[in-house]
Every structure is written in C-alpha cells, then in structure tokens.
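Novice: Supplied in structure tokens, the structure appears directly below.
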Amino acid sequence: MNRQVKRRQQRRGEQQRSWDLIIAGVVGALVLGIFLMSFLFPNLNLVSYREASPRVLRKIVERGIAWLEEDLPAITEFAYGYHLEDDLWANFQVEKSDDRIKLLNTDGDEVTEFAIGEEPEFYKDLGAALSELKAALKDKEFTLSFLRTFDRHNLLVLIAEDEEDSEKVTQYQMVFTPEHRLDTLIYYSTEGETPEGYTFGELYENFTPER
C-alpha cells in the first residue's frame, strides 16, 4: 500500500514538473515574441524622441525623408536660407511653379526668379539635399542624437567631427512636427576652406498631406 502511494505521488510530481516546464516555455515564447515585435516594428510615433534608441531615431528620420520626398511635388511654398559669412545668413521665401522658382527676400522688396534647372549657385535643390542627408545617415562617421523637444516638435542632430581638427564639423539639424514630418532641415559645414550651409523651413506650413 505504501509502495502504491509513493508511486502515485511520484507520478503526480512528474506531471507537475512537466506542467511547470510547459508554462515556463510558453512564458518564454511570449517574452521573446514581444521583444521581436518591438525590435522589428518599433513605435515611431513618440511624443518626445528623448528616450528613443539610435536605431529608432534613424528609422524616424528615414520615414521623415521618405514622406518629404513623396510630398515634394505638392510643396510649393517654404522658407530657404544660405550661409553668407560668420553668423550671417540670407533668408528668402520660396514660391515654386511647374517650371520656375521665385525667391522673395524677408523684407518683401526684392525678388529673384529663375527656371528650374538653372538655379544659381547659392540655391540648393531640396531633392538633392535629401539625397545627401540619406547618404550621411548611412555614413558611420556621422552620429545621430536627440537635442530637445519644444512646442511638441523634436529636434535631432546628425553630426560628424574631424578627429584631427575639432573645428571641422559637418552637421544636419532636423525638426520634426508632432505628426513626425520633417519640417525643417539645416545643414552647416566647416570642412571646406570657407563654411557653407543652407536651411529649408516651413515645409509643411502651407501643405497638409492626407496620411
């Protein structure tokens, strides 16, 4: 009798251990699944990008660039500026038509107009600027980081510094709207003999995509 009781207890113990192993396996699979989903499909719709990992920041920038490239034909009014010297920048309001670009200075009393494809040297094409930004985003010399959140907008910086000369820096500053659109792009570089830079702003000021 005692022997039968012991066998029953032993079988119950083995069954209990089997259930414990099954439960542990299910829990482990769920945790792994959640981790993989978070890794493969991270949340890019953050209110603040402060806590985002470099990988998530990169995906946010890539999405912003892709959206902006898609919206380029519909964006016909925006702010543009280019670096002159020291802290001086020339700033304009841009109006684009199918074949021409018009630059109106900030005082509103001087207009520069030219055909698309015949842009003056000081004017940077936005499509070309986005292509260069994408290349810099893939360049290991550049580091992407969060700077700050203001008025529900997030400011990121992509920067490369010369290890031998700390004064030689190339950087992109990007402002994203609460809807995660790349609304402002600022480029500045001291790598050449003279500093150069350009700015695009208010890109979504007069255009709201349906997405």
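The working numbering applies: residue -4 is where the sequence shown begins, and numbers increase by one. Quick reminder that beta carbons are idealized off the backbone N, C-alpha and C, glycines included.
#1: Taking the straight line between their C-alpha atoms, what separation do you get for Asp178 and Glu136?
#2: For the segment 66 to 79 and the segment 157 to 173, state whether three or more C-beta atom pairs, one from each stretch, are separated by less than 8 Å.
#3: Can you give me the Cβ contacts of Glu90 inside the same chain, cut-off strictly under 6 Å, excluding the 5 residues immediately before and after it?
#4: Which residues does DSSP pair with Leu177 in a beta bridge?
#5: Could you tell me the alpha carbon to alpha carbon distance between Gly59 and Tyr77, rounded to whole angstroms?
#6: Count Cβ pairs between the segment 107 to 120 and the segment 132 to 146 that sit closer than 8 Å; are there 3 or more?
#7: Mind checking which residues open and close the beta strand (DSSP E) that includes Ser140?
#8: Of the choices Leu142, Thr194, Lys129 and Leu180, whose alpha-carbon is the least far from that of Arg45?
#9: Leaving out five residues before and five after Ile111 in sequence, what residues of the same chain have Cβ atoms less than 7 Å from its Cβ?
#10: When burial is assigned at 16 or more other CB atoms within 10 Å of the CB, is Leu180 buried or exposed?
#11: Once the 5 residues before and after Phe87 are set aside, which same chain residues still bring their CB inside 8 Å of it?
#12: Excluding sequence positions up to five away, which residues of its chain have a Cβ less than 6 Å from the Cβ of Thr194?
#13: Quick check: the Cα distance between Phe145 and Leu63, rounded to an integer number of angstroms?
#14: Got a sec? Which residues, its chain only, sit under 8 Å from Thr185 by beta carbon, not counting five neighbours each side?
#15: Measure the beta-carbon distance from Val51 to Leu39 and round it to whole angstroms, keeping in mind my assumption that it falls under 8 Å.
#16: At the level of alpha carbons, what is the spacing between Asp157 and Gly187?
#17: Please go through the segment 38 to 118 and give each complete beta strand (DSSP E) segment of 3 or more residues, from N-terminal end onward.
#18: At the level of alpha carbons, what is the spacing between Leu151 and Leu83?
Specialist: In terms of the structure at hand:
#1: Counting from one through the sequence shown, the residue named residue 178 turns up at place 183. Counting from one through the sequence shown, the residue named residue 136 turns up at place 141. The alpha-carbon atoms of Asp178 and Glu136 are separated by roughly 25 Å.
#2: With a cut-off of 8 Å, the segment 157 to 173 and the segment 66 to 79 do not count as touching, because too few Cβ pairs lie within range.
#3: Against the sequence shown, residue 90 aligns to sequence position 95. Its chain contains Glu72 and Lys97 as the residues whose beta carbon lies nearer than 6 Å to that of Glu90, once the 5 sequence neighbours on both sides are disregarded; these appear in chain order.
#4: Here the question's residue 177 lines up with position 182 in the sequence shown. Its beta-bridge partners are Phe171.
#5: Along the sequence shown, read from residue 1 onward, the residue named residue 59 stands at position 64. Along the sequence shown, read from residue 1 onward, the residue named residue 77 stands at position 82. The straight-line gap from Cα to Cα measures roughly 22 Å.
#6: In short, these stretches do not touch, since the Cβ pair count stays below three.
#7: To locate residue 140, count along the sequence shown from 1; it is residue 145. Note, Ser140: beta strand (DSSP E), Thr138 to Phe145.
#8: Against the sequence shown, residue 45 aligns to sequence position 50. It is Leu142 whose Cα lies nearest to the Cα of Arg45.
#9: In the sequence shown, counting from the first residue as 1, residue 111 sits at position 116. Taken in chain order, the residues that qualify are Asp94, Arg95 and Ile96.
#10: Against the sequence shown, residue 180 aligns to sequence position 185. Burial check for Leu180: the Cβ neighbour count within 10 Å reaches 16 or more, so the residue is buried.
#11: If you number the sequence shown from 1, residue 87 lands on position 92. Taken in chain order, the residues that qualify are Ala74, Tyr75, Gly76, Leu98, Leu99, Asn100, Thr101 and Thr107.
#12: Working through the sequence shown from its first residue, we reach residue 194 at position 199. The beta carbon of Thr194 sits closer than 6 Å to those of Gly76 and Ile181, all from its chain and outside the five residues before and after it, given in chain order.
#13: Residue numbering aside, residue 145 sits at position 150 when the sequence shown is read from its first letter. Residue numbering aside, residue 63 sits at position 68 when the sequence shown is read from its first letter. Cα-Cα distance, rounded: 21 Å.
#14: Position 190 of the sequence shown holds residue 185. Taken in chain order, the residues that qualify are Glu162, Lys163, Val164 and Thr165.
#15: In the sequence shown, counting from the first residue as 1, residue 51 sits at position 56. In the sequence shown, counting from the first residue as 1, residue 39 sits at position 44. Correct: roughly 7 Å between the Cβ atoms.
#16: Residue mapping note: residue 157 aligns to position 162 of the sequence shown, counting from 1. Residue mapping note: residue 187 aligns to position 192 of the sequence shown, counting from 1. Going by the C-alpha atoms only, they are around 12 Å apart.
#17: The beta strand (DSSP E) runs of length 3 or more contained entirely in the segment 38 to 118 are, from start to end of the chain, 72 to 80, 83 to 91, 95 to 100 and 106 to 110.
#18: Counting from 1 along the sequence shown, the entry for residue 151 is found at position 156. Counting from 1 along the sequence shown, the entry for residue 83 is found at position 88. A direct Cα-Cα distance of roughly 23 Å separates Leu151 from Leu83.
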